[in-house]
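Numbering (mature numbering (1 follows the signal peptide of the UniProt record, and there is no 0)), first residue to last: -20 to -1, 1 to 206. Glycine included, each C-beta is placed from N, C-alpha and C at the ideal position.
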């Protein structure tokens, strides 16, 4: 009996040792597997960059495109030059863009929050019968709720001071309620207060947001209003 007991004890210990080893190996081989780098990368796709808005695009797309541009320093756009003379504009802003095809300025003293632009249109609107004075088919007035193209002018108005500094392609300028983006062939100006915008290019003037075509008032070629 004593010999049988002594033989049984080593066998029991060997069995326990084998079970413990099996459990240890099992726990090591069934641990959680970290996610692969491929899985992590596919789950974190970067959003696509904004693209130039098409005609009739929603304001969210227009704003995203304009705000994606490099912001210019507003302090550098408070002057205008005419015949080699630089004029200070005070709190008003002015810029030219698209190789001189577009020039815009503000004149808060006389026109409030509106922006006036001169655009070299390929096909400007014809002079209406109600226009008196020199017809400027590429004269654009934009105040957020009204966008008018073409005007009869007896004087250069706010452009008496000349054109503002060049706004580089791919850059934007923020002033008042507006942010304007310049590109090689066009300028797009957003009015945040009224959630509207205007595209200015040689091909024409395109409205966005609440702006809709309306009968033009006397002395105006084409008009849009909210």
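CB of residue 105 within 7 Å of CB of residue 202, strictly
The answer is yes: Cβ separation under 7 Å.
May I ask which residues mark the beginning and end of the alpha helix (DSSP H) holding residue 211?
Absent from the model: residue 211. The displayed extent of the chain is -20 to 206, so no value can be given.
Straight-line gap, residue 76 to residue 119 (C-alpha atoms, nearest Å):
The alpha-carbon atoms of residue 76 and residue 119 are separated by roughly 14 Å.
Selection from 200, 94, 174 and 60 that minimises the alpha carbon distance to residue 133:
It is 200 whose Cα lies nearest to the Cα of residue 133.
Do residue 145 and residue 85 have their C-beta atoms within less than 7 Å of each other?
Going by C-beta atoms, residue 145 is not nearer than 7 Å to residue 85.
Which listed residue (54, 194 and 125) has its alpha carbon closest to that of residue 69:
Nearest of 54, 194 and 125 to residue 69, Cα basis: 54.
Using the beta-carbon count (16 or more within 10 Å), is residue 186 buried or exposed?
Result: buried.
Residue 57 and residue 73 - do their beta-carbons sit closer together than 7 Å?
Their beta carbons are under 7 Å apart, which means residue 73 touches residue 57 by this criterion.
Alpha-carbon spacing of residue 18 relative to residue 160, whole angstroms:
Residue confidence for residue 18 is low, a pLDDT of 40 falling below 50, so the modelled location carries little weight; the figure read from the coordinates is stated next. Distance between residue 18 and residue 160, taken at the CA atoms: about 40 Å.
6 Å CB neighbourhood of residue 47 in its chain, flanking five on each side removed:
Around residue 47: no qualifying Cβ.
Based on Cα-Cα distance, which residue from 94, 191 and 129 lies nearest to residue 157?
Per the Cα distances, 94.
Taking the straight line between their C-alpha atoms, what separation do you get for residue 197 and residue 42?
The alpha-carbon atoms of residue 197 and residue 42 are separated by roughly 27 Å.
What number of angstroms, rounded off, separates the C-alpha of residue 32 from the C-alpha of residue 109?
Their Cα atoms are separated by approximately 36 Å.
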